[in-house]
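Here the structure comes first, spelled out in structure tokens, and everything after it is commentary.
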Amino acid sequence: MLKMESVSKDYTLRGKTVKALDGVSLEIARGDFVSVVGPSGSGKSTLLLILGGMLSPAAGRVMVDGKSLYDLRPEERATVRKKTVGFVFQMFNLVPYLTALENVQVPLFLAGVDDRGQKERATALLERMGLADRLDHKPTELSVGQQQRVALARMLANDPQVILADEPTGNLDPETAQSVLSFLEEVNKEGRTVVMVTHDPKAAARAKRMLRLCDGRIASDHGAASASALDTY
Amino acid sequence: MQLKTLVWRELFERRNQLATSFIAILLGVSVIVSVENITVYSEKAVAKELDALGANVLILPKSASLQTYYSADMQNEEIPEEYVTRLVLSDLKGLDNLFPKLSMQVDVAGKKFTLTGILPQDELKAKAAWKAGDVFARPPLCVGDAAPAEPTPSKETQFRRRVIQKLDAAEALVGAEVAAALKLKPGDTLQLEGKTFTVSTILPETGTVDDSRVFAHLHTVQQLAGKGPVLNAIEVVGCCKEISKGLVQKINKLLPDAKVVTITQIVDTQIKTNHMMAQLSWLFLGIIVIVGGASMANYMYANVYERRREIGTLIALGAGSGVVLRMFLLKALLLGLGGGIAGYVLGTVLAVILGPRIAGVIVLPLPWLLLLAVGVAVAISLVASYFPARRAARMDPCTALRET
């Protein structure tokens, strides 16, 4: 189970302190699909990054599999990210000088998989994404939709149990956005937990549970009851 | 995919920045290599000259400036040939051999060479023949200092010892470099200033300016120069014991209008020049460490800044700070290795081309300088890149992902 206990986070901008998260507590069960919505600056992305072990909270605890994520040493936290978490970014964040195949190989390389294993796994994932004929193309040689599919393949490379997606459809045309959402639903059906930050109400509605953030607090939590019925970590 | 693949691919992503940084290291290292290479060969040439030359006292015109032994006879000032007669007829002890010289520039096939007139021993003896017990009645070297003389030494050996026995008016001894440039061999003829010479000997390579000279009879050269019975210098093989007993002062007294210097003084000048070059190479090294290091650090800081999103993504994908640090240091290592090797090649080529022009010595590649070049380049590169690499490793991925 992913769990946040009274998590707060402040930012200082031009001498002013801004509360990004203000005492947020929540539990996300294994296999849940949660969308996080709210106006800009409400703390959605901060919540996602804190859940992913990328941003230390100012107060509170974040638990993954019963372990306090931010009581781990940075290298141990990196290992949790490597093995358990898959990130999807709005801007895809592909490495521009690597081919599609090599981009998908990166998390596998970081996990210590040998070269042959990397290529086999990355090729299989790209084939699953319908990019079998684009393995050696660099990001600039791919369409926006294809780039996002490479990013999704990369996200799945280490078979993560938790997927954190930050505006995954934000830069896509409606058709591609639909296919990305379908893909997230598909991996959710495989038993993975998906947490998706979005501005798009239609995309948010595709999730099993919807959290609305406002001023760093959870303003509403729809569908939470269904989550309790799911297995916990 | 390995770390080196990631580094290698990125290396060529920003080619302009890479080229600037690479050229800074390349030029810096090549300057160090070329200066060091020339210095080493210049020092070797001095040592070789000391070994090869018998002459240890030099008589020059009073106003002659003395920069280097090798070109001590290449000034415009002259002394009368009559000085040789005075020395021969004097009572001075310890004058084993005299080697009077007059030099002039000559053009052959569009190339400039030095024609140096020398006086053979048989004519020197003739000058003193009437005087009983003259200096040449003695053995060629001081008793106790000498090795036994060969019965008939070759012209090459005679030249090395500055004791050419006989030399015809139209005979020429040709330095190795001239012979190579003009494709001369013994028996060939050579036209100099309208006079035809027969090449009797090709002198072995010495690594000094003698290689680019043609030696002929003094009186022939005096005629060609149209200067009358004059000399630029007299090399003297003096007996060491007599030099220590004040031979130089005695010559000075005998020839008050000449400058008399010992080889030690001359070599000292050359050693000072070499020392200056050695110090210069350290100075260059210092400048290059600062400039090259600053350039490298600047490049790396810019590289880290531009790659914020990439670094943030890698961290999000599970890269620890160690991986990020190694990624930048490996890049620095590759740049250092490349810059060091290329700098060695360029520096060596520069030294081989410029060495003969700057220092008057033939310069050959020195393989051990490759280690110096690579060592310096890699050290500068790694040290300068460490702090930018550490900054990358400690980067807050959230800030990086948000900013970009």
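Chains A and B, in that order, give the protein sequences. Just so it is clear: in the first sequence, position 130 is 138 by my numbering, and no numbers are missing. Just so it is clear: in the second sequence, position 344 is 346 by my numbering, and no numbers are missing. Every residue, glycine too, gets a C-beta built ideally from N, C-alpha and C. Everything numeric in this text was worked out from a predicted model, so none of it was measured.
task = Within its chain, find whatever has a CB closer than 6 Å to the CB of B:Ala353; leave out the 5 residues flanking it on each side and keep chain order.
result = The residue given as residue 353 of chain B occupies position 351 in the second sequence. So the qualifying residues of the chain are Ser36, Asn39, Ile40, Val365.
request  = Note down, one range per segment and in chain order, each beta strand (DSSP E) of at least 3 residues found wholly within the segment 151 to 228 of chain A.
outcome  = When DSSP assignments are scanned along the segment 151 to 228 of chain A, the uninterrupted stretches of beta strand (DSSP E) that are 3 or more residues long and fall wholly within it turn out to be 170 to 174, 201 to 205, 217 to 222.
ask   = Is any beta-carbon of chain A found at less than 8 Å from that of B:Gly377?
value = Against the second sequence, residue 377 of chain B aligns to sequence position 375. By this cut-off, B:Gly377 is not an interface position.
Coil, strand or helix - A:Val93 by DSSP = Here residue 93 of chain A refers to the residue found at position 85 of the first sequence. In this structure, A:Val93 counts as strand in the three-state DSSP scheme.
Whole-Å CB distance - A:Gly94 paired with A:Ile171, under 8 Å assumed = Here the question's residue 94 of chain A lines up with position 86 in the first sequence. Here the question's residue 171 of chain A lines up with position 163 in the first sequence. Approximately 5 Å separates the beta-carbon atoms of A:Gly94 and A:Ile171; this is inside 8 Å, confirming the contact.
query = In chain B, what lies closer than 7 Å to A:Glu110 by C-beta?
reply = Taking the first residue of the first sequence as 1, we reach residue 110 of chain A at position 102. The answer, in chain order, is Met3.
key: CB-CB length for A:Phe117 against A:Leu160, believed under 8 Å   = As a working note, residue 117 of chain A is residue 109 in the first sequence. As a working note, residue 160 of chain A is residue 152 in the first sequence. 18 Å between Cβ atoms; not a contact.
query = For A:Thr184, which residues of its own chain have a beta-carbon under 6 Å away from its beta-carbon, when the five flanking residues on both sides are left out?
reply = Residue 184 of chain A sits at position 176 when you count from the first residue of the first sequence. Gly153, listed in sequence order.
inquiry  = I want to see whether chain B comes within less than 8 Å of A:Thr206, judged by CB atoms only; does it?
reply    = Against the first sequence, residue 206 of chain A aligns to sequence position 198. So no, A:Thr206 is outside the interface.
ask   = Going along the segment 301 to 323 of chain B in order, which residues come within less than 9 Å of chain A, judged by CB to CB distance?
value = Residues passing the 9 Å Cβ filter: Arg311, Glu312, Gly314, Thr315, Leu316, Ile317, Ala318, Leu319, Gly320, Ala321, Gly322, Ser323.
ask   = When the Cα of B:Leu89 is compared with those of B:Glu237, B:Glu308, B:Ala26, B:Ile343, which residue comes out closest?
value = As a working mapping, residue 89 of chain B is identified with position 87 in the second sequence. Taking the Cα of B:Leu89 as reference, the smallest distance to any Cα among B:Glu237, B:Glu308, B:Ala26, B:Ile343 is reached at B:Glu237.
ask   = From this set, B:Pro367, B:Val250, B:Ala375, B:Leu336, which residue's C-alpha is nearest B:Leu94's C-alpha?
value = Taking the first residue of the second sequence as 1, we reach residue 94 of chain B at position 92. It is B:Val250 whose Cα lies nearest to the Cα of B:Leu94.
query = Are the CB atoms of B:Leu327 and B:Ala375 nearer to each other than 8 Å?
reply = If you number the second sequence from 1, residue 327 of chain B lands on position 325. If you number the second sequence from 1, residue 375 of chain B lands on position 373. Contact: no.
inquiry  = For A:Thr177, tell me which candidate among A:Gln156, A:Leu29, A:Ala165 has the shortest Cα-Cα distance.
reply    = Counting from 1 along the first sequence, the entry for residue 177 of chain A is found at position 169. Among A:Gln156, A:Leu29, A:Ala165, the Cα nearest to that of A:Thr177 belongs to A:Gln156.
key: With 16 other Cβ atoms within 10 Å as the buried cut-off, status of B:Lys187   = Counted from its first residue, the second sequence places residue 187 of chain B at position 185. Under this definition B:Lys187 is an exposed residue.
message = Let me check understanding here. Comparing Cα to Cα, which of B:Lys64, B:Leu337, B:Gly324 lies closest to B:Ala299?
response = Residue 299 of chain B sits at position 297 when you count from the first residue of the second sequence. The candidate whose alpha carbon is nearest that of B:Ala299 is B:Leu337.
ask   = Using a Cβ-Cβ distance under 8 Å, would B:Arg393 count as near chain A?
value = Numbered from its first residue, the second sequence carries residue 393 of chain B at position 391. So no, B:Arg393 is outside the interface.
query = Between the segment 376 to 391 of chain B and the segment 290 to 307 of chain B, are three or more C-beta pairs nearer than 8 Å?
reply = Contact holds: three or more Cβ-Cβ distances are below 8 Å.
task = State yes or no: is the C-beta of B:Glu179 within less than 8 Å of the C-beta of B:Leu226?
result = In the second sequence, residue 179 of chain B corresponds to position 177, counting from 1. In the second sequence, residue 226 of chain B corresponds to position 224, counting from 1. No, these two residues do not count as a Cβ contact at 8 Å.
task = Determine contact between the segment 188 to 204 of chain A and the segment 38 to 54 of chain A, defined as no fewer than three beta-carbon pairs at a distance below 8 Å.
result = Yes, since at least three Cβ pairs between the segment 188 to 204 of chain A and the segment 38 to 54 of chain A fall closer than 8 Å, the two stretches touch.
ask   = Since B:Val326 meets chain A, which of its residues come closer than 8 Å, beta carbon to beta carbon?
value = Start at 1 with the first residue of the second sequence, and residue 326 of chain B comes out as number 324. In chain order: nothing, as chain A lies at least about 10 Å away.
ask   = Hey, how far is the Cα of B:Ala381 from the Cα of B:Ile25?
value = The sequence position of residue 381 of chain B within the second sequence is 379, counting from 1. The sequence position of residue 25 of chain B within the second sequence is 23, counting from 1. Going by the C-alpha atoms only, they are around 16 Å apart.
ask   = Taking A:Thr92 as the reference, which of A:Leu221, A:Leu77, A:Ala67 has the closest Cα?
value = Sequence index remark: in the first sequence, residue 92 of chain A carries index 84 (1-based). Cα-wise, what sits closest to A:Thr92 is A:Leu77.
inquiry  = Using the three-state DSSP reduction, which class does A:Thr107 fall into: helix, strand or coil?
reply    = Numbered from 1 along the first sequence, position 99 holds the residue referred to as residue 107 of chain A. Reduced to three states, the DSSP call for A:Thr107 is coil.
ask   = What does A:Pro115 reach in chain B if we use C-beta pairs closer than 8 Å?
value = As a working note, residue 115 of chain A is residue 107 in the first sequence. In chain order: Leu319, Gly320.
key: chain A contact for B:Leu331 (CB, 8 Å cutoff)   = Against the second sequence, residue 331 of chain B aligns to sequence position 329. Answer no: the Cβ-Cβ gap between B:Leu331 and chain A never drops below 8 Å.
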